[in-house]
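**Student:** Structure in structure tokens, see below.
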Amino acid sequence: MANAAKHIHVLDRYHLNNKITMRLAGFPEPVIKKVRKAVYTANWDALTQALDTCQSLAVNDSSSELGRPSDRAEDVRLLRGYLERNWVSIKPIADPALHESIHSLGCCESNHRRYTYRLKREGRAWSKRGLEAMLRIIDCEQNEDLIETLNETEMLGTTFAPEVAETAEDDVNLQALGLFKAQPTTHVGVRHASLGGNVPASSPMGQLNKKLNMGGLF
434 MANAAKHIHV LDRYHLNNKI TMRLAGFPEP VIKKVRKAVY TANWDALTQA LDTCQSLAVN
494 DSSSELGRPS DRAEDVRLLR GYLERNWVSI KPIADPALHE SIHSLGCCES NHRRYTYRLK
554 REGRAWSKRG LEAMLRIIDC EQNEDLIETL NETEMLGTTF APEVAETAED DVNLQALGLF
614 KAQPTTHVGV RHASLGGNVP ASSPMGQLNK KLNMGGLF
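If you use the working numbering, the sequence shown corresponds to residues 434 to 651, in order.
Here it is as structure tokens:
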């Protein structure tokens with residue numbers, strides 16, 4: 434990361450342990466434990482000795498427990514090459530001071546979506562300059578010091594200073610005026626009426642009124 438005080442690349446334990454388990458599957462457990470101990474203590478001499486033992490077992494084992502000798506010898510060779518290529522990134526695992534200061538996976542392992550998805554959660558291709566700028570902004574956002582950083586740091590050749598608009602004392606509070614409230618809607622409501630209230634009961638209208646009120650038609 435840009436402006437970082439120190440950068441230590443460490444091979445994560447999950448992938449390292451998975452590689453050892455896959456390549457040494459079927460070998461005697463005591464030998465596998467020696468390999469793991471040598472790896473996690475960053476003891477290259479002990480690791481070489483343990484891998485030599487695995488190589489010897491793969492070539493000289495006459496039983497079928499380890500599988501074909503050529504295949505098992507190839508597994509040991511591949512594991513040895515993997516550990517040798519990544520030894521610089523494996524050695525820091527044995528440093529107790531590193532574990533005291535780091536309590537989770539690195540940001541590129543567990544939080545890469547923060548960087549690849551930008552702030553709008555959309556994947557994009559990057560130019561080198563654009564990537565550097567966005568990484569700095571996201572880092573500041575996560576650390577909650579974006580404003581302080583913009584005030585104090587010259588980023589990409591431009592000094593940023595946020596402008597804060599001052600509110601006048603006599604500014605009108607538009608929300609208090611109710612300009613953004615929904616206007617009430619006028620409803621007609623329920624209409625009330627009567628049928629034949631002032632006609633004789635013996636008249637046709639009176640008979641109809643009687644039927645309706647007594648439910649005679651239904």
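Even glycine gets a Cβ: it sits at the ideal position worked out from N, Cα and C.
Can you find the residues in the same chain that come closer than 6 Å, C-beta to C-beta, to P525, ignoring five residues on each side of it along the sequence?
**Tutor:** Answer for P525: I441, V443, L531, listed in chain order.
**Student:** Measuring alpha carbon to alpha carbon, tell me which residue in L512, Q488, Y515 is nearest S503.
**Tutor:** If we check each option's Cα against that of S503, Q488 comes out closest.
**Student:** Since Q575 is in the alpha helix (DSSP H), which residue starts that stretch and which ends it?
**Tutor:** Its alpha helix (DSSP H) spans residues 561-576.
**Student:** From what residue to what residue does the alpha helix (DSSP H) around D485 run?
**Tutor:** Unbroken alpha helix (DSSP H) run through D485: 477-493.
**Student:** Within a Cβ cutoff of 7 Å, which residues of the same chain sit near Y515, ignoring the five residues on either side of it in sequence?
**Tutor:** Taken in chain order, the residues that qualify are K452.
**Student:** Let me make sure I understand the geometry here. Which of V621, G459, V464 has the alpha-carbon closest to that of T486?
**Tutor:** Here the closest residue by C-alpha is V464.
**Student:** Using the Cβ count rule (16 or more neighbours within 10 Å means buried), how would you classify A634?
**Tutor:** Label assigned to A634: exposed.
**Student:** Checking 8 Å against the spacing of the C-beta atoms, do A491 and V472 come in under that value?
**Tutor:** No, Cβ-Cβ distance for A491 and V472 is not below 8 Å.
**Student:** In whole angstroms, what is the alpha-carbon distance linking P461 and L511?
**Tutor:** When rounded, the distance between both Cα atoms is 18 Å.
**Student:** Here's the rule I'm using: 16 or more other beta-carbon atoms within 10 Å means buried, otherwise exposed. How should L457 be labelled?
**Tutor:** Looking at its Cβ environment, which holds 16 or more other Cβ atoms inside 10 Å, L457 is buried.
**Student:** Taking a contact to mean a Cβ-Cβ separation below 8 Å, would you say L654 touches I570 in this structure?
**Tutor:** Lying before the first or after the last residue shown, residue 654 is absent from the chain, which here runs from 434 to 651.
**Student:** Measuring only the C-alpha atoms, how far is L484 from L568?
**Tutor:** Distance between the alpha carbons of L484 and L568: 42 Å.
**Student:** Classify R501 as helix, strand or coil using the three-state DSSP reduction.
**Tutor:** Coil, per DSSP.
**Student:** If you draw a straight line from the alpha carbon of L564 to that of Q616, how long is it in whole angstroms?
**Tutor:** Whole-angstrom Cα-Cα distance: 48 Å.
**Student:** Going by beta-carbon coordinates alone, are A479 and A527 separated by less than 8 Å?
**Tutor:** Not closer than 8 Å, so no.
**Student:** Using only the alpha-carbon positions, how far apart do E507 and K561 sit?
**Tutor:** Approximately 40 Å, taken between the alpha carbons.
**Student:** Ends of the alpha helix (DSSP H) at V632?
**Tutor:** Run containing V632: none; DSSP gives neither H nor E here.
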